[in-house]
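Read the structure below first, then the notes.
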Amino acid sequence: MDPVIIVGAGPVGLSLSLALARLGVPTVVLDETTGQEDARPARTVVLRPDTAAFVARLGCAGTLHSAGTHWTAWRTMRRRRLRERIAFAPPTPDGAAAPATASPVHLPQHALTRALRTALAHEKLAEIVTGSRLTDLEQDEHGVSAHTRGPDGTWWRGSYLIGCDGPRSTVRKLLDIRFPGRTAVERHAVAALRCELPWPGEALLHRSPPRQGGGPGSEVSARPLAGHVWRLDWLLPPGRELVTPDALVARIRDSLAGWTSESPSGPAGESGAEGDGARGRGPGRLVPPYDLLDTGVHTVHHRLARDWRQGRAFLAGDAAHLLGALGTQGLDEGLRDAENLAWKLGLAWHHGASDVLLDSYQAERRGAVAARLRAADQALPLLRDGRAVRWRTVLPGAARGRSTLLTDGHLGRGPLGAPPVYGRTPLGPPAEHTGSPLVETPPGAPVTDVAVTASDGSVVRLRDRLGRGLLVVLVAPGTGVWDRRHWQSAGLMPRLADAVEALPMDAEILVTEAYPGAAAHTVLLVRPDGHLVTALSGVRPAEMAACANAVRGGAHGPVTGGGRAAGRSGGSGETAGSGGGGAGEGARGGTAGEAAGGQEEGGQGEGGRGEGVFRG
27 MDPVIIVGAG PVGLSLSLAL ARLGVPTVVL DETTGQEDAR PARTVVLRPD TAAFVARLGC
87 AGTLHSAGTH WTAWRTMRRR RLRERIAFAP PTPDGAAAPA TASPVHLPQH ALTRALRTAL
147 AHEKLAEIVT GSRLTDLEQD EHGVSAHTRG PDGTWWRGSY LIGCDGPRST VRKLLDIRFP
207 GRTAVERHAV AALRCELPWP GEALLHRSPP RQGGGPGSEV SARPLAGHVW RLDWLLPPGR
267 ELVTPDALVA RIRDSLAGWT SESPSGPAGE SGAEGDGARG RGPGRLVPPY DLLDTGVHTV
327 HHRLARDWRQ GRAFLAGDAA HLLGALGTQG LDEGLRDAEN LAWKLGLAWH HGASDVLLDS
387 YQAERRGAVA ARLRAADQAL PLLRDGRAVR WRTVLPGAAR GRSTLLTDGH LGRGPLGAPP
447 VYGRTPLGPP AEHTGSPLVE TPPGAPVTDV AVTASDGSVV RLRDRLGRGL LVVLVAPGTG
507 VWDRRHWQSA GLMPRLADAV EALPMDAEIL VTEAYPGAAA HTVLLVRPDG HLVTALSGVR
567 PAEMAACANA VRGGAHGPVT GGGRAAGRSG GSGETAGSGG GGAGEGARGG TAGEAAGGQE
627 EGGQGEGGRG EGVFRG
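For the sequence shown, the numbering used here assigns the number 27 to the initial residue and increments by one for each residue that follows.
Structure, rendered in structure tokens:
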């Protein structure tokens, strides 16, 4: 079968290619660039725990550790007062921090892109073709043909094609897919600098800083990077005013002076050369020494493609959506696109796929991004004009105030940032197999990253096992005390292993000591992208098979074929007559639009303004 063609070699396109390669699917990545990623310290990405885990599984864990920073806390200030400080649990070798206390990972985008390219270079099933600009594509019932121009201009034949080629996507234009939305909803000045701030390792959101006028719409954030480097973002007033170098330096000095502890001022005008370890003095406060590394202006646009699938062609990342206002991160959503689409294309490439499975990509991901955009669309006017409103009438049950809403967006919580829940997915379990929830995680939501016992007896994190097939997780208290030699024949394990062997798609059995809200012998079915399918009380082969069939797009039809267990880990320690628990065995995706916050100024995309463009 022909390889999958991926247009664009930014983080989304590269991660999709890697994810498909791990599933045994060959890919060709068409990259219109030379393949060299320019170092831009001010262009950074913030990865939430779920997307950071996805990138780590693709072989980039070392880069996340060396080039990324886990913040120790998040603080919110208004004028001169600290309004909130959220402490994060320190990262541990096994990533055991609870999701509610886990810090995002902050790193330069060029470091992430280089790590993905390096990992892809070791994949025999993946090929990157640089200098290849897409000019045309054709589809038929058997595949897609793509034409590129350049030194190796030619026709490429693929089974499927995914456009990960940024906000000005050629794929989207060739498919004649509209891209409506809003232009320049926010503009930010950005600087990366090396300096010492009073709260090392802590990120800051400072609203209405007094040294910058203190108005209701003024805002600056400071987020640490590795090597004592900080990214600073200033929200710019509406309009197209030019941010000159002198104006940006003034913003830097004002912000640094305002954050420095009170100190006697020195002789007026004492200063050094900016960007060369300057130590200037402001009225009443010192401007600490700093080295200016990089600057820029980025403009945030909110757009959503009308269609994400047309036949055998798909859109992902900035080609499908633009967002980034109020702290939301566009790359996070692009990586979720890649993770969601990869396992579905893997099934399609190896076994064929129904339209239900392939259409579920748009239903799930477009619906999730549309909800995120609607939330930002509703909140933006209220946050930026300073008027008093009743928050619950705007974002019911979620908004507790301006600062809290902004914090939620930055930290991946609430309607602006929390991982999506696919509650109305077409891949959900049949209605006759849904009942009262047995765990705290609702169907369609991301599962909690608990410790699990794998097939070789090792204890790993649940997220480490995602990406290949279904995960069948047995809740068995007392796992740690059982000898692995007895697992395969203990309690529920033989019956569970037989049920997994009969599933219509590959699956792996895992065991956990506990899961939030779950009783002993609860069985969880988890999709390859980490979203819960269902939770069952005990081993129920018929219900497990029906749910697995729905996950593979069987449209609740009869289960055909047989699956195979991808690994057997953990079994219940329950024996006959015993209720005890136990264990068992068992082109250019790297455009500015994929940087945190939006696009470099000028990358506005296309489409018109209009209300209601982000309705589902």
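We treat Cβ as the ideally placed atom computed from N, Cα and C, and that holds for glycine.
Quantities reported herein were computed from a predicted structural model and do not represent experimental measurements.
Going by the beta-carbon positions, is the gap between A345 and G189 smaller than 8 Å? Residue numbering aside, residue 345 sits at position 319 when the sequence shown is read from its first letter. Residue numbering aside, residue 189 sits at position 163 when the sequence shown is read from its first letter. Yes, they are a contact pair.
Work out the CA separation of A402 and L373 for me, nearest whole Å. Start at 1 with the first residue of the sequence shown, and residue 373 comes out as number 347. Start at 1 with the first residue of the sequence shown, and residue 402 comes out as number 376. About 34 Å.
Can you find at least 3 beta carbon pairs, one from the region 223 to 234 and one from the region 27 to 44, that sit closer than 8 Å? no
What is the C-beta distance between A217 and I278, in whole angstroms, given that I count them as a contact (C-beta under 8 Å)? Taking the first residue of the sequence shown as 1, we reach residue 217 at position 191. Taking the first residue of the sequence shown as 1, we reach residue 278 at position 252. 6 Å between Cβ atoms; contact.
Just to confirm before moving on: does the CB-CB distance between L146 and L56 stay below 8 Å? For the purposes of this step, residue 146 is taken as the residue at position 120 of the sequence shown. For the purposes of this step, residue 56 is taken as the residue at position 30 of the sequence shown. No. Outside cutoff.
Using DSSP bridges, identify the partner residues of P472. Position 446 of the sequence shown, counting from 1, holds the residue named residue 472. P472 pairs with H557.
Whole-angstrom Cβ separation of R487 and A477, contact assumed at under 8 Å? Within the sequence shown, numbered from 1, the residue matching residue 487 stands at position 461. Within the sequence shown, numbered from 1, the residue matching residue 477 stands at position 451. At roughly 6 Å, the Cβ-Cβ gap stays under 8 Å, so R487 and A477 are in contact.
Does the Cβ-Cβ distance between D64 and H136 come in under 8 Å? By one-based count along the sequence shown, residue 64 stands at place 38. By one-based count along the sequence shown, residue 136 stands at place 110. Between D64 and H136, the C-beta spacing is below 8 Å.
Chain-order list of residues whose beta-carbon lies under 7 Å from that of P67 (same chain, five-residue window excluded): As a first step, residue 67 is located in the sequence shown; it is residue number 41 there, counting from the start. Closer than 7 Å at the Cβ level, and outside the excluded window around P67, lie P134, A218, V255, L319, D320.
From the DSSP output, in three-state form, read off F340 for me. Within the sequence shown, numbered from 1, the residue matching residue 340 stands at position 314. Strand at F340.
Starting from G207, follow its DSSP beta bridges and name the residues at the other end. For the purposes of this step, residue 207 is identified with residue 181 of the sequence shown, where counting begins at 1. G207 pairs with R329.
Contacts around G94, its chain only, beta-carbon distance under 6 Å, and the 5 residues preceding and following it disregarded: Numbered from its first residue, the sequence shown carries residue 94 at position 68. Hits under 6 Å: V131, L133.
In the DSSP assignment, what residue or residues form a beta bridge with A229? To locate residue 229, count along the sequence shown from 1; it is residue 203. According to DSSP, which records beta bridges pairwise, A229 is partnered with W100.
Does DSSP put Y541 in a helix, a strand or coil? Here residue 541 refers to the residue found at position 515 when the sequence shown is read from its first residue. In the structure shown, Y541 sits in coil (DSSP, three-state: anything other than H, G, I, E or B).
How about L406: is its Cβ closer than 7 Å to a heavy atom in the ligand MN? The ligand MN is not part of this structure, which contains no ligands at all.
Considering Cα atoms alone, identify which of R69, H96, P236 is closest to L283. For this step, residue 283 is matched to residue 257 along the sequence shown. Looking at the sequence itself, residue 283 is Ala, so the reference to Leu does not match. Of R69, H96, P236, the residue nearest in Cα terms is P236.
Excluding sequence positions up to five away, which residues of its chain have a Cβ less than 7 Å from the Cβ of W334? As a working mapping, residue 334 is identified with position 308 in the sequence shown. The beta carbon of W334 is closer than 7 Å to those of F340, L341, A346, Y387, Q388, R391, R392 in its chain, skipping five residues each way along the sequence.
Near R111, what residues of its chain come up, given a Cβ to Cβ distance below 7 Å and the 5 sequence neighbours on each side ignored? As a position in the sequence shown, residue 111 is number 85, starting the count at 1. Taken in chain order, the residues that qualify are A99, R101.
Would you mind working out which of L522, G495, G493 sits nearest A502, comparing C-alpha positions? Here the question's residue 502 lines up with position 476 in the sequence shown. A502 has its Cα closest to that of L522, out of L522, G495, G493.
Count the other C-beta atoms from every protein chain shown that fall within 10 angstroms of the C-beta of M519, then say buried if there are 16 or more, exposed otherwise. For this step, residue 519 is matched to residue 493 along the sequence shown. Its Cβ being crowded by 16 or more others within 10 Å, M519 is buried.
Do L647 and A405 have their C-beta atoms closer together than 8 Å? Shown here, the chain extends from 27 to 642; a query on residue 647 therefore has no answer.
Opening and closing residue of the beta strand (DSSP E) in which R566 lies: Residue 566 sits at position 540 when you count from the first residue of the sequence shown. Neither: R566 is in no beta strand (DSSP E) and is coded neither H nor E.
Please classify Q165: does DSSP put it in a helix, a strand, or coil? Taking the first residue of the sequence shown as 1, we reach residue 165 at position 139. Q165: strand per DSSP, three-state reduction.
For V30, which option in S185, T180, A545 has the closest C-alpha, if you only look at C-alpha atoms? The residue labelled residue 30 in the question sits at position 4 within the sequence shown. Selected option, being the one with the closest Cα: S185.
Between V552 and D363, what straight-line distance do the alpha-carbon atoms span, to the nearest angstrom? Sequence index remark: in the sequence shown, residue 552 carries index 526 (1-based). Sequence index remark: in the sequence shown, residue 363 carries index 337 (1-based). Near 18 Å, if we compare the C-alpha coordinates of D363 and V552.
Taking all protein chains shown into account, do 16 or more other C-beta atoms lie within 10 angstroms of the C-beta of M27, making it buried, or fewer, making it exposed? Within the sequence shown, the letter at position 1 stands for residue 27. Classification for M27: exposed.
Compare the Cα-Cα distances from A394 to each of T560, S484, L330, A78 and report the closest residue. Taking the sequence shown and counting its residues from 1, the one referred to as residue 394 is at position 368. Here the closest residue by C-alpha is L330.
Count the other CB atoms within 10 Å of the CB of G227; is the residue buried (16 or more) or exposed (fewer)? In the sequence shown, the residue the question calls residue 227 occupies position 201. Classification for G227: exposed.
Can you list, in chain order, the residues of its chain whose CB lies under 6 Å from that of T60, leaving out five sequence neighbours each side? Along the sequence shown, one-based indexing puts residue 60 at 34. Only T156 meet the Cβ criterion.
Inter-stretch contact (C-beta, 8 Å, three-pair minimum) for the region 529 to 546 and the region 492 to 501: yes
Comparing alpha-carbon positions, which option in D524, L496, G350 lies nearest V71? In the sequence shown, counting from the first residue as 1, residue 71 sits at position 45. Of the candidates D524, L496, G350, the one whose C-alpha sits nearest the C-alpha of V71 is G350.
Which residue from R198, R208, H324 puts its Cα closest to that of W260? Numbered from 1 along the sequence shown, position 234 holds the residue referred to as residue 260. Of the residues R198, R208, H324, the one whose Cα lies closest to the Cα of W260 is H324.
Name the residue from L90, D202, L231, L384 whose alpha carbon lies nearest to the alpha carbon of R105. One-based indexing of the sequence shown puts residue 105 at position 79. Closest option to R105, Cα to Cα, is L231.
Could you round the C-beta distance between W97 and P250 to whole angstroms and report it? I think they count as a contact, below 8 Å. By 1-based counting over the sequence shown, the position of residue 97 is 71. By 1-based counting over the sequence shown, the position of residue 250 is 224. Yes, W97 and P250 are in contact; Cβ-Cβ is about 6 Å, under 8 Å.
With a Cβ-Cβ cutoff of 8 Å, do L496 and A533 count as a contact? Indexing the sequence shown from 1 puts residue 496 at position 470. Indexing the sequence shown from 1 puts residue 533 at position 507. Contact flag set, yes.
Alpha-carbon to alpha-carbon, G337 and R159: Taking the sequence shown and counting its residues from 1, the one referred to as residue 159 is at position 133. Taking the sequence shown and counting its residues from 1, the one referred to as residue 337 is at position 311. A straight line joining the alpha-carbon of R159 with that of G337 spans about 22 Å.
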